[in-house]
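Enquirer: Provided herewith is a single structure, encoded as structure tokens, for subsequent inquiry.
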Amino acid sequence: MGACAPAHYFGRKFSNLITLCKTCHEEIHHNHLEAEFAKSYQPIVKPQDWAPKPKPKGRKLKAHPVKVVRVEYLGLQETYDLAVEGPWHNFVANGLVVHNSFRYTGQRIVDVAKGDRTVEDVFYLRPEGKYDNRQGKKYEYTAEQRQADVQWCLDACQRYHQRINEGLAEEHARGLIPFDARQHFVLSCNTRSLMHLLDLRWKRDAQLEAQKFCELLFGHFETWSPAIAHWYQENRAKKARLSP
190 MGACAPAHYF
200 GRKFSNLITL
210 CKTCHEEIHH
220 NHLEAEFAKS
230 YQPIVKPQDW
240 APKPKPKGRK
250 LKAHPVKVVR
260 VEYLGLQETY
270 DLAVEGPWHN
280 FVANGLVVHN
290 SFRYTGQRIV
300 DVAKGDRTVE
310 DVFYLRPEGK
320 YDNRQGKKYE
330 YTAEQRQADV
340 QWCLDACQRY
350 HQRINEGLAE
360 EHARGLIPFD
370 ARQHFVLSCN
380 TRSLMHLLDL
390 RWKRDAQLEA
400 QKFCELLFGH
410 FETWSPAIAH
420 WYQENRAKKA
430 RLSP
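Using the numbering used here, the first residue of the sequence shown is number 190, and each one after it goes up by one.
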């Protein structure tokens with residue numbers, strides 16, 4: 190006589206358990222369909238020959254070496270250059286900005302060494318006068334100190350010119366140039382980012398040159414957005430409150 194396992198025995202076997210989603214579980218349980226579901230349930234059997242997902246070929250570019258077939262001398266080719274009048278020598282060709290100027294080389298440093306430009310055309314030095322640092326310590330920048338700094342800039346330009354003549358690369362000799370070389374740049378921003386810049390650099394402990402720059406920038410802010418600029422001046426200017 191064979192033994193019969195009780196029903197609760199199969200209820201505790203992991204092989205006799207299945208997983209249902211919330212919707213199916215509520216449907217079966219609320220309508221007392223457990224027995225009917227158990228009789229009609231058919232397990233999903235994994236296919237024996239399950240084909241892997243095909244990989245797309247794609248269009249990725251891949252570099253590969255190519256042998257040089259031959260080298261032919263084509264003779265002298267006629268070329269040309271553009272000379273642009275005015276202070277800004279950059280121009281657009283085929284949608285690309287072409288930098289046809291000496292702003293990205295050391296030529297202006299060489300010009301100072303040769304005497305074609307003055308030191309203060311290329312370098313910025315603070316005017317003589319009384320100052321305080323960002324910690325509140327007061328000091329005086331005398332005319333003698335400033336003249337000595339001008340001479341140091343000139344000496345640095347001459348050393349740079351000497352190293353260039355000796356064959357050093359520009360990026361190598363550039364380490365001799367003082368950091369306060371004048372730069373031209375273009376700034377673009379929206380109103381929110383403009384206020385964020387003013388919050389950071391118009392506060393009272395910011396560097397003096399940064400504060401002066403923000404004063405000039407705020408004048409344009411008043412022209413572009415007078416109502417917002419007025420609100421900013423009344424509520425946030427020079428208070429170091431970071432914009433959201």
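In this text, a Cβ means the ideal position worked out from N, Cα and C, and glycines have one as well.
Note that the structure is a prediction, hence the values are computed from the model and not measured.
Give the DSSP-derived three-state secondary structure of GLU261 in the structure shown.
Expert: coil
Enquirer: What's the C-alpha gap between LEU431 and VAL339?
Expert: Going from the Cα of LEU431 to the Cα of VAL339 covers about 38 Å.
Enquirer: If you run the structure through DSSP and keep just helix, strand and coil, what is LYS319?
Expert: Here LYS319 carries a strand assignment [DSSP, helix/strand/coil].
Enquirer: Please report the straight-line C-alpha distance between GLU309 and ALA362, rounded to a whole angstrom.
Expert: 20 Å
Enquirer: Are TYR328 and ASP369 closer than 7 Å when you measure CB to CB?
Expert: no
Enquirer: If you draw a straight line from the C-alpha of ILE417 to the C-alpha of MET384, how long is it?
Expert: So the alpha carbons of these two residues sit roughly 10 Å apart.
Enquirer: With H, G and I counted as helix, E and B as strand and the rest as coil, what does DSSP make of LYS326?
Expert: coil
Enquirer: Per the contact definition of three or more C-beta pairs closer than 8 Å, is the stretch 316 to 326 in contact with the stretch 337 to 354?
Expert: The stretch 337 to 354 makes no contact with the stretch 316 to 326: fewer than 3 CB pairs, one atom from each, lie closer than 8 Å.
Enquirer: Could you tell me which residues DSSP pairs with ALA337 in its beta bridges?
Expert: ALA337 pairs with nothing; no bridge assigned.
Enquirer: Please state the DSSP three-state secondary structure of PHE407.
Expert: helix
Enquirer: Which residue from LEU222, ALA399, ILE233 puts its Cα closest to that of ILE207?
Expert: ILE233
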